[in-house]
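2 protein chains.
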Amino acid sequence: MARRSDHSREEIREMALEAAERLIAEQGSKALSARKVATAIGYTVGTLYLVFENLDDLILQVNARTLDRLHARMLEELAPLDDPMERVLQLGHSYIGFANDHPHHWELVFEHRLPPGKQPPQWFRDKVRRMFALVERELKPLAGNRDSQAISRGAAALWSGVHGICILAIGGQLEVAGVDSVQSLTRSLMRNYLTGFRTNGSS
Amino acid sequence: MARRSDHSREEIREMALEAAERLIAEQGSKALSARKVATAIGYTVGTLYLVFENLDDLILQVNARTLDRLHARMLEELAPLDDPMERVLQLGHSYIGFANDHPHHWELVFEHRLPPGKQPPQWFRDKVRRMFALVERELKPLAGNRDSQAISRGAAALWSGVHGICILAIGGQLEVAGVDSVQSLTRSLMRNYLTGFRTNGSS
DNA sequence: ACCTGAACACCGTTCAAGT
DNA sequence: ACCTGAACACCGTTCAAGT
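Residue numbers (the working numbering), protein chains in the order written: chain W, 1 to 203; chain U, 204 to 406.
Okay, structure coming up:
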């Protein structure tokens, strides 16, 4: 058992988040519990409540780290590309790729619900917004003379579409639909949408 | 307390499902528990296990009823329309409308996860497939000379897109994105996608 | 000051025992 | 035969008590 002052609050926080991430990655979010996390880092469950407000708070912190990693991956895989269309398509592929590589973490970000009436804190909402802004930015060069509201809507539509594919794919509901490959579906969704976006707008 | 043979197995089943639906509708799926359902129908928790395999099974039955209602609503709202494009768009609006009217029930259908490795039973997958087939059928008149695989893919893309909008809207992540109205986003997604679908394909 | 350990009010699931 | 009630192994959260 850990004695007092073995670790700083910050160290305990980091240890707890890593333990939680391991549990989630290996067994899914249903296997996550305050008691398991505490045991995994050699502390009592009470100690977690000195560092986190409650379990929802801990999950929010885990989700923030997941969003950071997702954002970093999107930026990274975008970097080598020049063609505007290719760049937008790559955003979708990166998103799907991440969801596929880390399904449990990805699920938790979008399926975790705070108690009714509670909203995620602003710093968390900003991380979501940042990802959305990335789509908007890459969509702009394809948008011709469409105004910024149209671009926002286009980005939201694209993101929703890719997101929906991820969800249904993870839930196994797309095999039901007889679809061969998730990536080809993503490509089809984005390309067709963008064709319509450009056709119905700029000319 | 209920005495034995007060109700048939079928009656208990129906009472339990209704009680569960009420709990979910009013307080969300997190408030659902076997004990609460049992108490609500005047039986002991053990009794539920004579009628349902376990809590996952009870949830599956609730979800099946939700899918039936969603499907019925889509058919109903489709009936008065003639124009093929309007019909496809209506499917999206019905889907969003249902999710908006019954957010907790709708969420449970797509967020409930069976234990790792377990798949939903065939009869449940068929209910999902049936909804997908509806989209396929309505897409066909717009598909020109595209083959059935392209139509399947188109239906999957459309459904994914609308589904993603629902998820993000329910999670409150679309306000973050600065989108005015969910319905207009849906319309934009579907119209632009369909424009691309027809442009890139039939001609 | 830091952490524990026990308590409280819940869970899902099982099954011997009662009627 | 049908249902109960208690048990088991878990939960999240709190907080007096120990070091």
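Every residue gets a Cβ at the ideal spot worked out from N, C-alpha and C, and that includes glycine. Note that the structure is predicted; figures quoted are calculated from it, not measured.
Query                                                                                                     : Result
Cβ of W:S8 within 7 Å of any chain U Cβ                                                                   : no
CB contact flag (W:Q90, W:L78, <7 Å)                                                                      : yes
Chain W within 7 Å of U:T398, Cβ atoms only                                                               : yes
W:F98 to W:E111 span [Cα, whole Å]                                                                        : 16 Å
Where W:K140 falls: helix, strand or coil (DSSP)                                                          : helix
Range covered by the alpha helix (DSSP H) that runs through W:N63                                         : L55 to L78
Amino acids of chain U, ordered along the chain, whose beta-carbon sits closer than 8 Å to that of W:P116 : Q230 and G231
Under 7 Å between C-beta atoms of U:Y396 and W:Y95                                                        : no
Below-7 Å beta-carbon distance, U:T247 vs any chain W residue                                             : no
C-beta contact flag for U:E152 and U:V385 at 7 Å                                                          : The shown model of chain U, from 204 to 406, leaves out residue 152 of chain U, and the question about it has no answer.
Contact under 7 Å by Cβ, W:V37 with W:A25                                                                 : no
Local conformation of U:R316 per DSSP, three classes                                                      : coil
Alpha-carbon spacing of U:E339 relative to W:R153, whole angstroms                                        : 25 Å
W:N200: contacting residues in chain U (beta-carbon distance under 8 Å)                                   : R394, N395 and T398
Within chain W, partners of U:H274 - CB distance below 8 Å                                                : The premise fails here: U:H274 is roughly 14 Å from chain W at the closest Cβ pair, so nothing lies under 8 Å.
W:G117 burial status per 10 Å Cβ neighbour count (16 or more: buried)                                     : exposed
N- and C-terminal bounds of the alpha helix (DSSP H) containing U:H296                                    : P287 to D304
Residue-chain proximity (U:R264, chain W), Cβ-Cβ < 7 Å                                                    : The residue asked about is misnamed: residue 264 of chain U is Gln in this sequence, not Arg. False, the Cβ-Cβ gap to chain W never drops below 7 Å.
Straight-line gap, W:L158 to U:R212 (C-alpha atoms, nearest Å)                                            : 48 Å
Alpha helix (DSSP H) segment containing W:S265, residue limits                                            : Summary: the structure shown does not reach residue 265 of chain W, with chain W confined to residues 1 through 203, and so no result is reported for it.
Short Cβ contact (7 Å threshold) for W:V162 with W:T186                                                   : yes
Integer Cβ distance of U:R333 from U:H296, believed to fall under 8 Å                                     : Not confirmed; about 19 Å, so no contact.
Which of helix, strand or coil DSSP assigns to U:K321                                                     : coil
Collapsed DSSP secondary structure at W:T44 in the structure displayed                                    : coil
Contacting residues, own chain, Cβ-Cβ under 7 Å from U:P323 (five flanking each side not counted)         : L263 and L317
Buried or exposed (CB count within 10 angstroms, at least 16 for buried), U:A372                          : buried
Buried versus exposed, by CB contacts within 10 Å (16 or more), U:Q376                                    : buried
Environment of U:V248 [buried if 16+ CB atoms lie within 10 Å]                                            : exposed
Straight-line gap, U:W309 to U:F255 (C-alpha atoms, nearest Å)                                            : 21 Å
Where U:N395 falls: helix, strand or coil (DSSP)                                                          : helix
Interfacial residues, the region 84-98 of chain W to chain U, with Cβ spacing under 9 Å                   : none
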